[in-house]
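Residue numbers (the working numbering): 17 to 73.
Even for Gly, the Cβ is constructed at its ideal location relative to N, Cα and C.
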């Protein structure tokens with residue numbers, strides 16, 4: 017079961033969810049001061065995901 021009582025039950029599940037949603041892995045070390053860096057990294061990850069998607073069409 018992926019979710020139990022509305023929560024993620026293990027680290028691997030959260031990492032998988034972050035990957036699906038283009039969330040940088042280093043978000044756990046970020047603070048509000050790193051928001052611009054987060055957005056930059058996320059934009060890059062999203063662009064790569066879209067590029068891979070269109071490559072297989």
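Expected contact under 8 Å - CB spacing of residue i and residue j to nearest Å
i, j, result
"residue 62", "residue 54", "Between residue 54 and residue 62 the Cβ distance is about 12 Å, and since that is not below 8 Å, they are no contact."
"residue 33", "residue 24", "7 Å"
Cut-off 8 Å between Cβ atoms - residues of its own chain near residue i, not counting five sequence neighbours on either side
i, result
"residue 69", "none"
Where the alpha helix (DSSP H) containing residue i begins and where it ends
i, result
"residue 31", "27–36"
"residue 62", "51–71"
Practice item. Answer yes if the segment 51–60 comes into contact with the segment 33–43, meaning at least three C-beta pairs across the two stretches below 8 Å, and no otherwise. Key: yes
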